Amino acid sequence: MPTRPAPAALMTTPRHLLDELIAEGLSQTDQDKKTAVIYLELRHLHPGHYRERLLELMLTRLHSVVRTGDYLFQLDSHSALLLLNQLSGVSHAMLAAHRAQQVLMDAPTDEQRLYPQIGIALAPDHGSDGETLIDAAKIAAHQFAHEHIGIYDPDRDWLGQQLARLEAPLREALQQNKFHLAFQPKIELASQQVTGLEVLLRWENELLGSISPYEIISVAEHLGLMDRLSQWVIQTALRNFAQLRQHGYTGSLGINLAPNNLRDPHLAGFISNALAVWGVPAEKVIFEITESAVIEEFDMALRQLEHIKDMGCQLALDDFGTGYSSLSYLKRLPIDELKIDRSFIMHLTEQEDDRAIVESIIELAHRLRLQVTAEGVEQAAEKALLEQYHCDVIQGFFYSKPLILSDMITYLQQQRAAR
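Okay, here's the thing in structure tokens:
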């Protein structure tokens, strides 16, 4: 049995010892009392001396709020854990968490103020063993990311579970370049030729299997990693684009931007540098954004899009019809292309309403001098209707699934040979 550390000591503690101390606390807590595990995480810190200094500062300040019989632990390189026994209930735990938050934020200069994400789990409400309670407290910190402090809520657990499951593997994948890209062709209906490709992010983890782009982006956004991930995607996509052009490809390349990217003041500069590094023409690169991403902070998003447009790139409004679909916003955005969401295409042959909506969107877009792409086309009957409605471009499994770079090069060579 490991040596029991002194109460209120600062220490880096193995997980098994944490489990043991929590179990001991539970056994000694009165029946009408609670034990709380409070998780405190400093986010968006890069490795190195600065992160170590801030973590040491956090632990020193937290030491002042720990009572006799409670414990404070360094959990890892960016987080700490408070174990509080004999609490009267939820409000007592929240009070303790707010005191810890205040101690960390109370400093004479901005540089010394710490703004942790704080999650709380209570025993026996949220678990009866250390591992369950620590995981619940970490999930709570992510569940209430915008509020900065909260108590574990199992009803809000999907994202929290994904964060707990994917955080470490995602950080490792980003550090070790374990993602890859796939490319889906866009077919111009008038010529039946490939005139564009859309870049799609892929991640195969040896233990977790295939992770969907939605999961990757959701977790990356909550961990503050979206800018780094997007920079990797843009750099890799443009490098691959240069390779495709060396093999004779003359079409465009579409790259998706996440909502967080539009709040990055360095985005346009990064794109400009990447275009120069890989020597690809800006007018052949299309950045795709969703309606919801634009509407969240319209003025800021508009400025970003105008910067990207000014350097010669094209812009596409993705998943049109699933967001706000405000015609006033549509008129103000400097876009070149409208992409109709597959939710309208998948029932095109069955639902008269969907046919009316798709035909109207195409007509409206053309009146606004926009190109129209229909996403998710899987059947010949869907293609035939879209041709009838004068849709410009389609993409979907009817022509090809997304392909890795080498397979896409082969696919394009076969397409050229078949002309």
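Sequential numbering from 1 applies to the sequence shown in the UniProt record's numbering. Beta carbons are placed, not taken as given, at the ideal position from N, Cα and C, and that holds for glycine. On a predicted model such as this, the values are computed, not experimentally measured, just so you know.
| Check | Outcome |
| --- | --- |
| Residues sharing a beta bridge with residue 63, DSSP | DSSP lists no partner for residue 63. |
| CB contact flag (residue 198, residue 392, <8 Å) | no |
| CA nearest to the CA of residue 239, picked from 279, 224, 272 | 279 |
| Which of helix, strand or coil DSSP assigns to residue 388 | helix |
| Three-way DSSP call (helix, strand, coil) for residue 177 in this model | coil |
| For residue 290, three-class secondary structure by DSSP | strand |
| Rounded C-alpha distance that separates residue 341 from residue 135 | 37 Å |
| Given residue 195 as reference, the closest of 206, 152, 253 once Cα atoms are compared | 253 |
| Burial state of residue 318, where buried means 16 or more other Cβ atoms lie within 10 Å | buried |
| Secondary structure of residue 361, DSSP reduced to three states | helix |
| For residue 218, the three-state DSSP class (helix, strand or coil) | helix |
| Presumed contact (8 Å Cβ cut-off) between residue 380 and residue 398, rounded CB distance | 7 Å |
| Beta-carbon proximity list for residue 128, same chain, < 8 Å, skipping 5 on both sides | 26 |
| Uninterrupted alpha helix (DSSP H) stretches inside the segment 253 to 316 (no shorter than 4 residues) | 267 to 278, 291 to 296, 298 to 310 |
| Where residue 404 falls, given that 16 or more other Cβ within 10 Å makes a residue buried | exposed |
| Whole-Å CB distance - residue 286 paired with residue 314, under 8 Å assumed | 4 Å |
| Endpoints, the beta strand (DSSP E) within which residue 228 is located | It is not in any beta strand (DSSP E) - residue 228 instead sits in the alpha helix (DSSP H) that spans 226 to 246. |
| Test item: CB-CB of residue 420 and residue 222 under 8 Å | Beyond the ends of the chain as shown, which are 1 and 419, falls residue 420; an answer cannot be given. |
| One or two residues paired with residue 202 in a DSSP bridge | 180 |
| Residue 201 and residue 213 closer than 8 Å at C-beta | yes |
| CB contact flag (residue 122, residue 97, <8 Å) | no |
| Buried or exposed (CB count within 10 angstroms, at least 16 for buried), residue 177 | exposed |
| Residue 73 (DSSP reduced to helix, strand or coil) | strand |
| Sequence-distant residues of the same chain with beta carbon closer than 8 Å to residue 309, five excluded per side | 315, 334 |
| Distance between beta carbons of residue 152 and residue 137, contact taken as under 8 Å | 7 Å |
| Check whether residue 338 and residue 320 have beta carbons under 8 Å apart | yes |
| Assigned secondary structure, residue 192 (DSSP; H/G/I helix, E/B strand, else coil) | coil |
| As assigned by DSSP and simplified to three states, the class of residue 320 | strand |
| As assigned by DSSP and simplified to three states, the class of residue 103 | helix |
| Closest Cα partner of residue 295 within the set 329, 77, 245, 388 | 329 |
| Residue 140 beta carbon less than 8 Å from that of residue 119 | yes |
| Reduced DSSP secondary structure (H/G/I, E/B, other) of residue 197 | strand |
| Cα-Cα separation between residue 232 and residue 406, rounded to whole angstroms | 19 Å |
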